[in-house]
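S.K.: So the sequence shown is numbered by this note's numbering: it starts at 138 and just counts up by one. Positions of the beta carbon are idealized from the N, C-alpha and C atoms, including for glycine.
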Amino acid sequence: MSGDSAISVRGLRKAYGQTVAVADVDLSVSRGEVFALLGPNGAGKTTTVEILEGFRRRDAGEVSVLGVDPAAGGRAWRARVGIVLQGTGEFDELTVGEVVRHFARFYPDPDDPAAVIARVGLADKVRARTHSLSGGQKRRLDVALGIIGRPELLFLDEPTTGFDPQARRDFWGLIRDLASGGTTILLTTHYLEEAEALADRVGVIAAGRLAAVAPPRELGDRAHQPATVTWGTPDGRLRSEVTATPTALVAKLAAEAGGSEIPGLTVTRPTLEDIYLTMIGEKQ
Ligand code: ATP
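1. Assess, as a yes-or-no matter, whether the region 190-204 is touched by the region 215-227 under the definition of 3 or more beta carbon pairs within less than 8 Å.
2. Short of 8 Å in beta carbon distance, which residues of its chain neighbour Arg150, apart from the five on each side in sequence? Order them along the chain.
3. Take Ala265 and list the residues in its own chain whose beta-carbon comes closer than 7 Å to its own, dropping the five residues that flank it on each side.
4. Less than 7 Å between the CB of Thr156 and some heavy atom of the ligand ATP, yes or no?
5. Please report the distance separating the alpha-carbon of Leu270 from that of Phe300.
6. Heavy atom of the ligand ATP less than 7 Å from the Cβ of Val180, yes or no?
7. Once the 5 residues before and after Leu375 are set aside, which same chain residues still bring their CB inside 8 Å of it?
8. Leaving out the 5 sequence neighbours to the left and right, which residues in its chain are closer than 7 Å to Gln362 when beta-carbon positions are compared?
9. Check whether the region 325-340 touches the region 279-299, taking contact to mean three or more Cβ pairs, one atom from each stretch, closer than 8 Å.
10. In chain order, what residues of the same chain lie with their CB nearer than 6 Å to the CB of Val218, ignoring the 5 residues before and after it?
11. Taking a contact to mean a Cβ-Cβ separation below 8 Å, would you say Leu323 touches Val186 in this structure?
12. Starting from the Cα of Val166, find the closest Cα among Thr403, Thr321, Pro245, Asp372 and give me that residue.
13. Would a C-beta distance cut-off of 8 Å place Glu170 and Asp337 closer than the cut-off?
14. So, helix, strand or coil for Val387, using DSSP?
15. Go through its chain and collect everything with a Cβ distance to Val253's Cβ below 7 Å, but skip five positions before and after it.
16. Look at Val341 and Pro353 and say whether their C-beta atoms are less than 8 Å apart.
17. Do you know offhand how far Ala260's Cα is from Asp246's?
18. May I ask you to check if the CB of Thr298 is nearer than 7 Å to at least one heavy atom of the ligand ATP?
19. Going by Cα to Cα distance, which pick from Thr384, Gly357, Leu347 is closest to Thr365?
20. Would you list, in sequence order, the uninterrupted beta strand (DSSP E) runs of no fewer than 3 residues that lie entirely inside the region 333-407?
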């Protein structure tokens with residue numbers, strides 16, 4: 138069932154007692170794809186991802202990750218998979234350089250520790266003890282440990298929580314680099330703009346079910362949702378109109394303006410966040 142897929146899931150189900158965390162999820166992620174899993178707290182993202190990582194047992198369903206059932210994945214399989222869990226990043230008295238070099242030894246063909254440390258933006262912290270790092274710097278160290286083994290597939294669970302805006306942009310650059318080098322990436326995030334910036338496709342999971350899977354621009358038929366056109370009138374007020382034909386409305390306003398600029402003109406469509414919130418509101 139794997140074929141060209143890095144991840145292939147059919148009928149995945151997991152319950153904790155009476156709580157059904159994941160109900161009948163089907164999912165396929167192609168090799169080289171960046172896939173973002175979105176969903177509210179408790180939706181079942183971590184459970185799904187941890188089953189794919191081989192850390193949790195499933196109750197039912199077929200799962201193949203890099204052609205292997207993660208429940209039976211051995212050392213060789215594990216070396217092909219990189220994992221960044223939600224927040225670790227602290228290793229007592231060890232320095233950043235020591236931790237990354239130490240983890241590199243677990244892999245058959247590790248990347249160069251110094252290069253990886255530079256890549257995640259910690260070059261000036263190589264001799265710093267990990268407990269002295271800021272929250273965002275610890276997260277970068279987690280990412281360094283996730284990629285030191287040159288994984289074919291990288292799992293990132295809320296990778297940029299605690300990052301400042303510049304660090305987040307830098308991180309996006311790193312993910313794009315990895316993706317263009319052929320690494321498949323599955324990330325969970327609560328930042329919609331992050332999913333939009335990075336993902337080829339997003340999957341929205343709500344109450345354990347995959348409610349939708351689509352490229353970010355197409356989610357919830359976003360491109361065909363009515364647009365809001367806003368413009369300034371000659372008496373200095375702002376007017377808005379929701380329309381399925383914004384081009385025609387703008388053309389009419391342009392004709393009325395007789396070739397001058399239309400003051401305060403904007404045309405907006407629902408953001409990914411708007412679509413997402415509607416979707417999880419409806420589906421929950
Ligand atoms: P978040 O965005 O908050 O990280 P999530 O989408 O990752 O949430 P999960 O951690 O997968 O959600 O949790 C899904 C459901 O399963 C929740 O109702 C949660 O309380 C429950 N759950 C998760 N782990 C366990 C566990 N070990 N024992 C019992 N219930 C659990």
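M.R.: A quick look at the data gives this:
1. yes
2. Reading the sequence shown from its first residue, position 13 is the one you call residue 150. Result list for Arg150: Val157, Val159, Ala160, Asp161, Val162, Arg195, Asp196, Ala197, Gly198, in chain order.
3. Taking the sequence shown and counting its residues from 1, the one referred to as residue 265 is at position 128. Within the same chain, Ala265 has close Cβ partners Thr232, Val233.
4. In the sequence shown, counting from the first residue as 1, residue 156 sits at position 19. Yes - the ligand ATP has a heavy atom lying nearer than 7 Å to the Cβ of Thr156.
5. Here residue 270 is taken as the residue at index 133 of the sequence shown, counted from 1. Here residue 300 is taken as the residue at index 163 of the sequence shown, counted from 1. C-alpha separation (whole angstroms): 13 Å.
6. Within the sequence shown, the letter at position 43 stands for residue 180. The amino acid at residue 180 is misidentified as Val; the sequence shows Ala. Checking the Cβ of Ala180 against the ligand ATP gives yes.
7. Mapped onto the sequence shown, residue 375 falls at position 238. Closer than 8 Å at Cβ, skipping near neighbours: Thr367, Trp368, Gly369, Gly401.
8. In the sequence shown, counting from the first residue as 1, residue 362 sits at position 225. The residues are Arg406, Pro407.
9. yes
10. Mapped onto the sequence shown, residue 218 falls at position 81. Here the set comprises Pro288, Leu290.
11. Here residue 323 corresponds to residue number 186 of the sequence shown, with the count starting at 1. Here residue 186 corresponds to residue number 49 of the sequence shown, with the count starting at 1. Going by C-beta atoms, Leu323 is nearer than 8 Å to Val186.
12. Numbered from its first residue, the sequence shown carries residue 166 at position 29. Closest by alpha carbon: Thr321.
13. For the purposes of this step, residue 170 is taken as residue 33 along the sequence shown, with counting starting at 1. For the purposes of this step, residue 337 is taken as residue 200 along the sequence shown, with counting starting at 1. In this structure, Asp337 lies closer than 8 Å to Glu170 by Cβ.
14. Taking the sequence shown and counting its residues from 1, the one referred to as residue 387 is at position 250. Here Val387 sits in helix by DSSP.
15. Stepping through the sequence shown from its first residue, residue 253 is reached at position 116. Once the five neighbours on either side are set aside, the close Cβ partners of Val253 are Val237, Ala281, Ile284, Ile285.
16. The residue given as residue 341 occupies position 204 in the sequence shown. The residue given as residue 353 occupies position 216 in the sequence shown. Contact flag unset, no.
17. Position 123 of the sequence shown, counted from the first residue, corresponds to residue 260. Position 109 of the sequence shown, counted from the first residue, corresponds to residue 246. Ala260 and Asp246: Cα-Cα distance of roughly 22 Å.
18. The residue labelled residue 298 in the question sits at position 161 within the sequence shown. The answer is no for Thr298.
19. As a first step, residue 365 is located in the sequence shown; it is residue number 228 there, counting from the start. Residue Thr384 is the option with its Cα nearest to Thr365.
20. 338-343, 346-351, 364-369, 375-380, 403-405
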